[in-house]
Amino acid sequence: MNIRFPKAAAAALPLGLACATQAGAQGIDEAVNTVFANSTGWFVNFIFSSFPGTSFPWIVGWLVIAATIFTVYFGLIQFRAFGHALALVRGDYSDPNDAGEVSHFQALATALSGTVGLGNIAGVAVAVGIGGPGATFWMILAGLLGMASKFTECTLGVKYRNEYEDGHVSGGPMYYMTKGFAERGLGGGKILAVIFAIFCILGSLGGGNMFQSNQAHAQLANVLGDYPGWITGLVFAVIVFIVIVGGIKSIARVTERVVPFMGILYVTTALIIILVNYDQIGTAFGQIFRGAFTWDGAVGGATGALIQGFRRAAFSNEAGVGSAAIAHSAVKTNEPITEGFVSLLEPFIDTVVICTMTALVIIITGQLVTDPETGMFVLNEAGTAIETLSGNSGVALTSAAFSETFGWFRYILAVAVILFAFSTMLSWSYYGLKAWTFLFGEGQTKEIVFKVIFCLFTWIGAAASLGPVIDFSDAMIFAMAVVNIIALYCLMPIVKREMQSYLARLKSGEIKKFR
């Protein structure tokens, strides 16, 4: 989006801002885009490049292979501990005197707010549109595997966190890379931690912030009519600052209300659409399984479905990226493994539930048809206009699917997009802050500096169209996974020891419920 200032608004702004006319803003956008594209394009291309001779991004393979290894190594822990994880979230085993800042439920809500976002709406649409209905099956499988990755990293996040005298804590990959590597006598932990922290800061400002405010403005403009993006950015920046200035406790208080509300709102709306079209449910699941295992469909059938399904799941739930470990580290517990159990619920809620709902609505409402010339799935609007699906039309496809049953459902979708974007910004502000304080030290002044910078980028993101900048910062988020998973491989024996000890004590009755 370009910055557009009406004359009245421009007159009220300081001279420097008033001079930023639409043409000037476009010039700035183009200049920044050119610089970033030329200087960082190689890095973006590397992160999202594919295995030779395939269209499968190597970073997705890196995440899925790790998730598979952790699933086997920990003996299908995501299924064995699912019930206990729910009990922990309910607070059955919570001791209010344990060290930490937030409850298990608040930690889960904060981490979920960072992963449940626009990828669940637009990204799933692109995956199903390109890979066909069969992509849904592989998306679910990748989500189930990713639960083991979250379990591993969040256990380590709590185990090696820093606890301070005033009660606040700092944790995440930066800390288990330094402390965990030192405990095992491994070198290179501090170097990995610094690299991870840099990636995390850049990712939080871009993919976790600018992109969110940019897309939120696009949805608002679509519903309310075109208006300057800086207005949306300013409103978001002020609201976000009010919340994040209070730290993780303030963020957790907001996310524990926003996340359940937006999740229930979105899932309920999707369920209504599915139930209204109940006669298509069997057909939809038939398309999902047939597309997952046969060569019928888009881009090579099963191969295309697998690639798109795994890709969307990996990009949506962030299992293995390490970001969620930062939020979960703030939990009140003296048993690190308990938060590992709680965290494995994230990919299940994000991918298995919410992403699947999006896919089912798209399939059941018949928004996709096969182009007879290319054999690829295309967007079929009102049964007439056919548009090849792309990343930019992902939201359009989901919006069309939601509007098919009840036209006004698109407004509910718009509300969901705004809430998803807002909650994601809150979580990523905390991730970036903890990476910032790891590099520059703790202190209220240093924290305020980062929070002001973060909110400034919120404003810029809604007002500007800095494509390569956002592409670069998005690549930063997945670069975090490269460093993080190396650390997880080195430290997973520690997690296994923690797991075996806790489960043995739970079975013997040594660990008891508090309510």
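Letter by letter, the sequence shown follows residues -25 to -1, 1 to 490 of mature numbering (1 follows the signal peptide of the UniProt record, and there is no 0). Each residue gets a CB set at the ideal place from its N, CA and C atoms; glycine is no exception. As the structure is a prediction and not an experimental result, all values here were calculated from the model.
Under the assumption that residue i contacts residue j (Cβ atoms under 8 Å), give the Cβ distance between them as a whole number of angstroms.
| i | j | result |
| --- | --- | --- |
| residue 433 | residue 212 | 4 Å |
| residue 426 | residue 233 | That belief does not hold up - the Cβ atoms of residue 426 and residue 233 are roughly 19 Å apart, past 8 Å. |
| residue 208 | residue 436 | 7 Å |
| residue 171 | residue 458 | 5 Å |
| residue 22 | residue 453 | 5 Å |
| residue 230 | residue 384 | About 25 Å separates the two Cβ atoms, so there is no contact after all. |
| residue 389 | residue 103 | About 21 Å separates the two Cβ atoms, so there is no contact after all. |
| residue 319 | residue 122 | 4 Å |
| residue 152 | residue 162 | About 11 Å; that fails the 8 Å criterion. |
| residue 309 | residue 67 | In fact, because the Cβ distance is near 16 Å, the residues do not count as touching under 8 Å. |
| residue 421 | residue 415 | 5 Å |
What first and last residue would you give for the alpha helix (DSSP H) that runs through residue i?
| i | result |
| --- | --- |
| residue 59 | 57 to 65 |
| residue 339 | 331 to 339 |
| residue 411 | 384 to 415 |
| residue 324 | Careful: residue 324 lies outside any alpha helix (DSSP H) and carries neither H nor E. |
| residue 313 | 311 to 318 |
| residue 433 | 419 to 438 |
| residue 193 | 186 to 199 |
| residue 170 | 164 to 180 |
Buried or exposed: residue i, going by 16 or more other Cβ atoms within 10 Å of its Cβ?
| i | result |
| --- | --- |
| residue 202 | exposed |
| residue 61 | exposed |
| residue 133 | buried |
| residue 264 | exposed |
| residue 71 | exposed |
| residue 313 | buried |
| residue 488 | exposed |
| residue 113 | buried |
| residue 53 | buried |
| residue 393 | buried |
| residue 419 | exposed |
| residue 482 | exposed |
| residue 141 | exposed |
| residue 157 | exposed |
| residue 446 | buried |
| residue 35 | buried |
| residue 26 | exposed |
| residue 241 | buried |
By DSSP, does residue i sit in helix, in strand, or in coil?
| i | result |
| --- | --- |
| residue 364 | Confidence at residue 364 is low in this model, with a pLDDT of 45, below 50, so its placement is unreliable and no value can be given for it. |
| residue 25 | strand |
| residue 356 | Since pLDDT at residue 356 reaches only 49, below the 50 mark, its modelled position is unreliable, and the value read off the structure follows with that caveat. Residue state, collapsed to three classes: strand. |
| residue 220 | coil |
| residue 32 | strand |
| residue 137 | strand |
| residue 476 | helix |
| residue 272 | Note on residue 272: pLDDT 43, under 50, position unreliable in the model; the coordinate value appears next. Residue state, collapsed to three classes: coil. |
| residue 296 | coil |
| residue 145 | strand |
| residue 251 | helix |
| residue 210 | helix |
| residue 39 | helix |
| residue 91 | coil |
| residue -24 | In this prediction, residue -24 has a pLDDT of 37, which is less than 50 and means its spatial position is unreliable; nothing more can be read from the coordinates. |
| residue 471 | helix |
Confirm, please, whether the CB-CB distance from residue j to residue i is below 9 Å.
| i | j | result |
| --- | --- | --- |
| residue 316 | residue 109 | no |
| residue 250 | residue 332 | no |
| residue 335 | residue 391 | no |
| residue 91 | residue 324 | yes |
| residue 466 | residue 155 | yes |
| residue 402 | residue 302 | yes |
| residue 182 | residue 404 | no |
| residue 124 | residue 31 | no |
| residue 192 | residue 204 | yes |
| residue 307 | residue 128 | no |
| residue 448 | residue 189 | no |
| residue 455 | residue 178 | yes |
| residue 115 | residue 424 | no |
| residue 118 | residue 297 | no |
| residue 173 | residue 410 | yes |
| residue 311 | residue 85 | no |
| residue 83 | residue 293 | no |
Is the CB of residue i under 9 Å away from at least one CB in chain B?
| i | result |
| --- | --- |
| residue 434 | In the structure shown, chain B cannot be found, because there is only a single protein chain. |
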